[in-house]
Amino acid sequence: MERWQNRVAVVTGASSGIGSATVKDLLNANVIVVGLARRLERMEELKAQLPAEQQKRFHAVACDVSSQESVDTAFDWIIKELGGVDILINNAGIYKPGQACTLDPVALQQVMQTNVMGVVYCTQRAFRSMKERNFDGHVVVVNSVAGHSVPLVIGSDRPLMINVYAPSKYAITALTEVLRQEFRGLKTKIKITSVSPGLTDTEIIPDQYRRPEIPILKSEDVSSCILFTLSTPPHMQVHEITVKPTSGD
338 MERWQNRVAV VTGASSGIGS ATVKDLLNAN VIVVGLARRL ERMEELKAQL PAEQQKRFHA
398 VACDVSSQES VDTAFDWIIK ELGGVDILIN NAGIYKPGQA CTLDPVALQQ VMQTNVMGVV
458 YCTQRAFRSM KERNFDGHVV VVNSVAGHSV PLVIGSDRPL MINVYAPSKY AITALTEVLR
518 QEFRGLKTKI KITSVSPGLT DTEIIPDQYR RPEIPILKSE DVSSCILFTL STPPHMQVHE
578 ITVKPTSGD
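First residue of the sequence shown? That's 338 in our numbering, and the numbers climb one at a time after it.
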């Protein structure tokens, strides 16, 4: 991680879960971190718990990644105040319980807008910043195993109401590969990596899946994968990391 010391990393969905864990790990690696999230107060609480030296390197910025205007405002501030974006961690994502065949289409649209277009908006701005400065940065997309294989939604005593969450992650799987090819085609050495965790103990997990018999990852487990791919040498690119609990399927 030495090459990233004092570089600028942007983490979306930084107010809790994987985002919060990643913020802490990046700060421990001496990276300057900008946390983006709708809940600014949660990020301020996180900042207050950090050592004084790390507080100076953590910037909390209110941002709703589903809104292009909000993303542009946040990235304009980052570029003006910090000079550019060197690392982007696309972590923000939402889940709405319910069935695709009956759930309010507005709720379904919110999932797609956040999980897919949020990645598009943030990646476009980060890529532009990297390319304009001729910097070989790194984009990480927090995906899901549901973006590679649809979980069982019927046939159990507690069926998972996955609706458009899995389709949104399938879109991210395809988008990551498209972006990888585009970055290469545009003669850059900017890396992009998809990190696909299994069930992870974050706020979006329904309570029905918080049972002792169900294996579950911690947010820190996923963050460690993110830091690993960032630590790889410039000539090496990890396309996909899949991480599951050791006792899971």
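Just so it is clear, CB atoms sit at the ideal spot from N, CA and C, and this is done for glycine as well.
Nearest-angstrom Cα separation, counted from residue j out to residue i
i: Val-456; j: Val-408; result: 10 Å
i: Ser-505; j: Leu-373; result: 20 Å
i: Met-454; j: Val-402; result: 8 Å
i: Gln-518; j: Gln-386; result: 40 Å
i: Lys-524; j: Ala-389; result: 40 Å
i: Phe-464; j: Ile-415; result: 14 Å
i: Glu-557; j: Gly-354; result: 8 Å
i: Gly-306; j: Met-498; result: One cannot answer for residue 306 here, as it falls past the ends of the chain, which runs 338 to 586.
i: Met-449; j: Ala-411; result: 21 Å
i: Leu-567; j: Ser-352; result: 21 Å
i: Phe-395; j: Phe-472; result: 22 Å
i: Asp-441; j: Tyr-502; result: 14 Å
i: Glu-469; j: Arg-548; result: 48 Å
i: Leu-377; j: Val-487; result: 33 Å
i: Leu-516; j: Glu-382; result: 34 Å
i: Lys-581; j: Val-559; result: 9 Å
i: Met-338; j: Gly-522; result: 27 Å
i: Val-371; j: Asp-413; result: 12 Å
i: Glu-514; j: Ala-397; result: 30 Å
Host beta strand (DSSP E) of residue i (start-end)
i: Gly-372; result: 369-374
i: Phe-395; result: 395-399
i: Lys-361; result: Where Lys-361 is concerned, there is no enclosing beta strand (DSSP E), although the alpha helix (DSSP H) it sits in stretches over 354-365.
i: Ile-578; result: 577-580
i: Ser-533; result: 528-534
i: Ile-426; result: 424-427
i: Thr-525; result: Here Thr-525 belongs to no beta strand (DSSP E), and DSSP marks it neither H nor E.
i: Thr-583; result: Taken as a continuous stretch (DSSP letters only), Thr-583 belongs to no beta strand (DSSP E), as it is neither H nor E.
i: Ala-346; result: 345-349
Alpha helix (DSSP H) segment containing residue i, residue limits
i: Glu-469; result: 455-469
i: Ala-385; result: 377-385
i: Ala-511; result: 502-522
i: Ala-483; result: Counting along the chain, Ala-483 falls outside any alpha helix (DSSP H), and DSSP gives it neither H nor E.
Chain-order list of residues whose beta-carbon lies under 6 Å from that of residue i (same chain, five-residue window excluded)
i: Leu-564; result: Asp-362
i: Ala-444; result: Lys-433
i: Ile-541; result: Tyr-432
i: Ala-429; result: Thr-349, Gly-350, Val-402 and Gly-455
i: Gln-392; result: Lys-384
i: Ile-426; result: Val-348, Thr-359 and Val-477
i: Ala-399; result: Leu-377
Residue from the options with nearest C-alpha to residue i
i: Asp-538; options: Thr-451, Gly-356, Met-498 and Ala-463; result: Gly-356
i: Asn-500; options: Met-467, Cys-438 and His-485; result: Cys-438
i: Met-573; options: Ile-527, Leu-440 and Ala-463; result: Ile-527
i: Gln-461; options: Phe-520, Leu-440 and Pro-488; result: Phe-520
i: Val-575; options: Ser-486, Met-498 and His-475; result: His-475
i: Ser-584; options: Asn-452, Pro-570, Leu-536 and Arg-376; result: Leu-536
i: His-579; options: Arg-340, Ala-483 and Met-380; result: It is worth fixing the name first, because residue 579 is Thr in this sequence and not His. Comparing Cα positions, the closest option is Ala-483.
i: Lys-417; options: Val-487, Glu-406, Gln-447 and Ser-466; result: Ser-466
i: His-485; options: Thr-359, Glu-577 and Arg-470; result: Glu-577
i: Ala-358; options: Asp-413, Ala-399 and Lys-384; result: Lys-384
i: Arg-375; options: Thr-569, Pro-582, Thr-451 and Val-559; result: Thr-451
Closer than 7 Å: residue i CB and nearest the ligand MN heavy atom
i: Ser-352; result: No copy of the ligand MN occurs in the structure displayed, which carries no ligand at all.
Spatial neighbours of residue i in its chain, beta-carbon cut-off 8 Å, leaving aside the 5 residues before and after
i: Arg-340; result: Pro-571
i: Gln-447; result: Ser-403, Ile-431 and Lys-433
Contacting residues, own chain, Cβ-Cβ under 7 Å from residue i (five flanking each side not counted)
i: Arg-379; result: Ser-352 and Ser-353
i: Gln-405; result: Tyr-458
i: Thr-569; result: Val-575
Q: Say whether the segment 414-423 touches the segment 343-358, bearing in mind that this needs 3 or more beta-carbon pairs closer than 8 Å, one atom from each stretch.
A: yes
Q. With contact counted as at least three CB pairs below 8 Å, one residue from each stretch, are the segment 549-558 and the segment 366-381 in contact?
A. no
Q. Taking contact to mean at least 3 C-beta pairs separated by less than 8 Å, is the segment 508-519 in contact with the segment 527-542?
A. yes
**Q.** contact_flag[the segment 561-576, the segment 472-484] where n(CB pairs < 8 Å) is 3 or more
**A.** yes
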